[in-house]
Amino acid sequence: FRIFPRGQRPGKGNSRYLMRVLSERDVIDFASVIADAKAAANMRKLFVIAVLDDEHELTYYEVRLTREEVRECEELRDGFTASRAGIPAYVTETGDGTTAYLMENWFGTMMDATRLFLSPLETAWLLEQGKLTLEDGMSAEEYIALAREGDGEFSEKLTLYRWFKDLGVFPRSGYKYGHHFRVYTAKGAHSEMLAHAVPFGTTLSMSEISRSVRLAHSVRKKMLFASLTGEEITAVEFARLKM
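Residue numbers (the numbering used here): 2 to 244.
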């Protein structure tokens, strides 16, 4: 549908929304959603999905393709060394403030007074950037291959993690929210969005998306789905809309 503002109609005004109506049981093909959102943006309209539930009530979602701005951040120093315990890795404090420095830059979690645990994604990224070496000499490529064996979603999560780091923001685990990442845009601030990587060809049910958006809204965050085509990412934001 084309939706006109109240008091306007075809020939007597301009439509504001392009709307697609779905059932709560329908599945979302992100390729189709992205195509619809692009078409709406090209016509300077908002793309809305209206979802009809089993009680015949409608819930509206605004869908936008977002272009996150690149933020400047200071260059991370290098020369870090970590020990590996299986897939996890940890940095041991040697008295030079290394662990505090990494934590200030949103890396790692302290295991005890001297050891900083790095997640597999953090370890892989730091290895790729040449900031970190592993004591056993494992390369970034070897480590990523190992991490993939233990996590079937590691490749897409790493692609999205790299993208966020290139933007100058700080991705951290979003597991407690049921998503891949919670994302901070400033040090010391609350996270501003939840993000989930969606490989090309993946479909999600509308009910899954609804739960995600409601959860994000309840904790005052944006809900971002990152559609992955190889290394290319299209960021799709879903938000509740009152009409």
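Yeah, the Cβ is synthetic: ideal placement off N, Cα and C, and Gly gets one too. In this text the structure is predicted, and so the values were computed from the model without any measurement.
- By the neighbour-count criterion, in which a residue is buried when 16 or more other Cβ atoms sit within 10 angstroms of its Cβ, E123 is buried.
- Shortest Cα-Cα distance from I210 to any of S156, A86, I29 involves I29.
- A Cβ-Cβ distance of about 21 Å is found for the pair E233 and M224, leaving them out of contact under the 8 Å criterion.
- Where V214 is concerned, the enclosing alpha helix (DSSP H) starts and stops at 207 to 219.
- By the neighbour-count criterion, in which a residue is buried when 16 or more other Cβ atoms sit within 10 angstroms of its Cβ, M20 is buried.
- Around the beta carbon of Y91, 16 or more other beta carbons lie within 10 angstroms, which makes this residue buried.
- If the five residues before and after D54 are omitted, its C-beta is found closer than 6 Å to the C-beta atoms of E25, all from its own chain and listed in chain order.
- Counting the other CB atoms within 10 Å of its CB gives F108 a total of 16 or more, which places it among the buried residues.
- Within the same chain, and ignoring the five residues on either side of G12 in sequence, no residue has its Cβ closer than 7 Å to its Cβ.
- For A40, the uninterrupted alpha helix (DSSP H) run begins and ends at 31 to 43, by DSSP.
- Between E157 and the set V22, G231, S206, the nearest pair of CA atoms involves G231.
- Classified as exposed, S219 has fewer than 16 neighbouring CB atoms from the shown chains inside 10 Å of its CB.
- DSSP places L161 within a helical segment (H, G or I) once states are collapsed to three.
- Taking a 10 Å sphere around the C-beta of K222, we find 16 or more other C-beta atoms and assign the residue as buried.
- Put simply, the region 127 to 137 does not touch the region 147 to 157. Fewer than three CB pairs are less than 8 Å apart.
- Remark: three or more beta-carbon pairs, one from each stretch, lie closer than 8 Å, so the region 174 to 181 and the region 195 to 204 are flagged as touching.
- CA-CA distance, T67 to A236, rounds to 6 Å.
- Beta-carbon to beta-carbon, D97 and K132 are separated by about 15 Å, too far to satisfy the 8 Å threshold.
- Note that the region 161 to 172 touches the region 60 to 74; at least 3 beta-carbon pairs, one per stretch, sit closer than 8 Å.
- Per DSSP, reduced to three states, the secondary structure at L53 is strand.
- Cβ contact annotation for P121 (same chain, cutoff 6 Å, sequence separation greater than five): I88, A148, in chain order.
- A direct Cα-to-Cα measurement between I4 and Y18 gives close to 5 Å.
- When DSSP assignments are scanned along the region 48 to 98, the uninterrupted stretches of beta strand (DSSP E) that are 3 or more residues long and fall wholly within it turn out to be 59 to 67, 81 to 85, 90 to 93.
- If you keep only unbroken beta strand (DSSP E) runs of at least 3 residues inside the region 161 to 207, you get 171 to 174, 182 to 185, 194 to 200, 204 to 206.
- Between V64 and A101, the CB-CB gap reaches or exceeds 8 Å.
- F31 and F226 do touch by the CB rule: their CB atoms are close to 7 Å apart, below 8 Å.
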